[in-house]
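A short worksheet on the structure shown next.
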Amino acid sequence: MDHLFDAMRSMFGNRFASQWGAYDEGGVWLGELTHLTPGLLELGIGKLRARVRDAARAGDEAWPPQPLEFAALCEPTAEDLGMPSVDRAWREANGHAHDPEGHRWSHPAVRMAGQSIGWIEIHGTTAASRRERLEKRFAREYQALVNRVMAGEQLEARGLLENDNDRSPAELAKRAGEDRAAAAASEYGHRMTGEQGIRSLRAALGGR
Numbered sequence: 001m002d003h004l005f006d007a008m009r010s011m012f013g014n015r016f017a018s019q020w021g022a023y024d025e026g027g028v029w030l031g032e033l034t035h036l037t038p039g040l041l042e043l044g045i046g047k048l049r050a051r052v053r054d055a056a057r058a059g060d061e062a063w064p065p066q067p068l069e070f071a072a073l074c075e076p077t078a079e080d081l082g083m084p085s086v087d088r089a090w091r092e093a094n095g096h097a098h099d100p101e102g103h104r105w106s107h108p109a110v111r112m113a114g115q116s117i118g119w120i121e122i123h124g125t126t127a128a129s130r131r132e133r134l135e136k137r138f139a140r141e142y143q144a145l146v147n148r149v150m151a152g153e154q155l156e157a158r159g160l161l162e163n164d165n166d167r168s169p170a171e172l173a174k175r176a177g178e179d180r181a182a183a184a185a186s187e188y189g190h191r192m193t194g195e196q197g198i199r200s201l202r203a204a205l206g207g208r
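Going by UniProt numbering, the sequence shown runs without a break in its numbering and finishes at 208.
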């Protein structure tokens, strides 16, 4: 916690010190961050520094986060792994649902999430209420795939390098069941461990 408090004071000065003091006397920060590895804490500090820089460029003043808010910053996201955000992935899937095989996908997970929903359904559905439901389904499928990447799984073998036409009905059913299970786990709040996130982040950064 000493390193974190030093970083907070360097970024926020008295705005942080006046509220929290020189160290985590009440253990509030430790209670919220105890599940995070040092690497994930550094990830959160890096995001916070970027937030402070952005505020300074805009002529605004950044304020220190609460412990729970900072803990959320420490959790790796799709963007941290070089993957598109859910919104960007959904827009990409929508824009190329008419010809998924002819598009060079930004990441295999985008293609796999769209494929699990169904390209015909994505491309052909026009009713606003149905499209909203499709978007929510896509978000669950995509987040489940993001979680698998964060856990160190390579998706390419089942994504861009395969074609559904080459699979048997049994293989298709098996894969669909696995993906549904992953999506359900994500929907009900299963989170990766800090170590899994660190392993995946290192892989995304070339093993550093």
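For glycine and all other residues, C-beta sits at the position ideal for the given N, C-alpha and C. Every value quoted in this text rests on a predicted model; they were computed, and no experiment measured them.
- Residues of the same chain with a CB within less than 7 Å of the CB of Glu-79, apart from the 5 flanking positions on each side, are Ser-85 in chain order.
- Note that the C-beta distance between His-123 and Gly-82 is not below 9 Å.
- Between the region 93-100 and the region 110-122, the count of Cβ pairs shorter than 8 Å is three or higher; the stretches touch.
- Per DSSP, reduced to three states, the secondary structure at Gln-66 is coil, with no helix or strand assignment.
- Going by beta carbons, Pro-64 and Phe-16 fall inside the 9 Å limit.
- With 16 or more other Cβ atoms inside 10 Å of its own Cβ, Asn-147 counts as buried.
- Secondary structure at Gln-154: coil, using DSSP grouped into helix, strand and coil.
- Annotated three-state conformation of Ser-85 is coil, per DSSP.
- For Trp-90 against Glu-135, the beta-carbon gap comes to about 6 Å, under 8 Å, which counts as contact.
- Arg-104 carries a coil assignment under DSSP once its states are collapsed to helix, strand and coil.
- Rounded to whole angstroms, the separation of the alpha carbons of Gly-31 and Ala-72 is 14 Å.
- Separation of the CB atoms of Arg-49 and Met-1 is rounded to 18 Å, and the pair is thereby denied contact status at 8 Å.
- Distances from the CA of Tyr-23 to each of Arg-131, Asn-94, Met-8, Ala-58 were compared; the closest alpha carbon is that of Met-8.
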